[in-house]
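J.:
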Amino acid sequence: MSVLEYIKNSVIAGDDEQVLKDVKMAIDMKEEPLSIINDGLIAGMNVVGARFKVGDMFVPEVLMAAQTMAAGVELVKPLIAAGDMPNKGTIILGTVKGDLHDIGKQLVAIMFDSNGYNVVDVGFDVPTEKFVEAVKEHNAELVGMSALLTTTMLEMKTVIDALEAAGLRDSVKVLIGGAPVTAEFGEEIGADGYAPDAGSATELADTLLG
Ligand code: B1M
């Protein structure tokens, strides 16, 4: 079994002590940091998601797996974060109101950060007004919104409407993502772009702000 398989299995088992050992081993073996995240940690979380869906795993186990994955990401993070980069712009990033899913958004934050953006992470279950206030306060160039539930993705339109009402929509780009979100949905609600994963979110931000 490869070290990435070990990492995957530790996430599925929700064993955070073991995942730290596995990730350290992978780093020592010079595995690519992004591969550790995508092919080890996220791969494990995807299995958990599938089992959760069919009722083979329950919320406490999913939470343990999520915390295990987050512990692994923390170890890899410094290897991805680039040193002194020029500031490409400020991004307000959050998971919309009613939605507690935080992990994907954190990965997007890491990728933005490591690519030279100043990321203001406003957290999860973020009220509409908080997005608007953060754009004003930080004079942000881009708002990134994440949603993992078909019910909460509709909040993205509410935020876009609020930015419009506050007279900010022309000065800020809106980028959306999260498992149930699609490019078509993005067009429907008037977002500037949709990204399916953390890597393409950064590429799209470069295009939108370039
Ligand atoms: Co929940 N959950 N969950 N959950 N959860 C899902 C999303 C679900 C698909 C599971 C399932 O049924 N198969 C399902 C949603 C169904 C739907 O609406 N379509 C679901 C449900 C139903 C629920 C509850 C309602 C369960 C319940 O209580 N009955 C409840 C809702 C709570 C709430 O939010 N109000 C709930 C709760 C939870 C936990 C709290 C237990 C936990 C979250 C813990 C945490 O985040 N701290 C949790 C988890 C972990 C999951 C699964 C298993 C994994 C999500 C995850 O972290 N994936 C998930 C099933 C699944 O997705 N396979 C599921 C790993 C992460 C790296 O991927 O978040 O997709 P993801 O992010 C990716 C991309 O989507 C993209 O880039 C990321 C990295 O590449 N991306 C962006 C994300 N945001 C982006 C923003 C961008 C661009 C790209 O631009 C700004």
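Those letters in the sequence shown? Residues 11 to 220, by my numbering. All C-beta atoms in this analysis are idealised placements derived from N, C-alpha and C, irrespective of residue type, glycine included. Keep in mind it's a predicted model, so treat the numbers as computed, not measured.
Check whether the region 27-38 and the region 58-76 touch, using three or more Cβ-Cβ pairs below 8 Å as the test.
T.: Segments in contact, no.
J.: Is it true that the region 150-161 meets the region 76-85, where meeting means three or more beta-carbon pairs spaced less than 8 Å apart?
T.: No, they do not touch.
J.: Quick one: residues in its chain with C-beta nearer than 8 Å to the C-beta of residue 94, no 5 flanking neighbours on either side, listed in chain order?
T.: In this predicted model, residue 94 has a pLDDT of only 46, less than 50, meaning its place in the structure is not dependable; the value taken from the coordinates is given anyway. Nothing meets the Cβ criterion.
J.: Report back the beta-carbon spacing between residue 157 and residue 190 to the nearest angstrom; my notes put them in contact at under 8 Å.
T.: 7 Å between Cβ atoms; contact.
J.: So residue 133 is in the beta strand (DSSP E); what residue range does that whole segment cover?
T.: Taken as a continuous stretch (DSSP letters only), the beta strand (DSSP E) holding residue 133 covers 128-136.
J.: Considering only the beta carbon of each residue, do residue 54 and residue 18 sit closer than 7 Å?
T.: Yes, they are a contact pair.
J.: Compare the C-alpha of residue 152 against each of 135, 165 and 170 and name the closest.
T.: Among 135, 165 and 170, the Cα nearest to that of residue 152 belongs to 170.
J.: Return yes when at least one heavy atom of the ligand B1M lies under 6 Å from the C-beta of residue 156, else no.
T.: Yes, the beta carbon of residue 156 sits closer than 6 Å to at least one heavy atom of the ligand B1M.
J.: What residues in its chain sit with their C-beta under 8 Å from that of residue 220, if we drop five residues either side in the sequence?
T.: Nothing meets the Cβ criterion.
J.: In this structure, does DSSP put residue 105 in helix, strand or coil?
T.: The answer is strand: DSSP assigns residue 105 an E or B state.
J.: Sorted by chain position, which residues of the same chain lie with C-beta nearer than 6 Å to residue 9's C-beta, five sequence neighbours on each side aside?
T.: Because the chain here runs from 11 to 220, residue 9 falls outside it and cannot be looked at.
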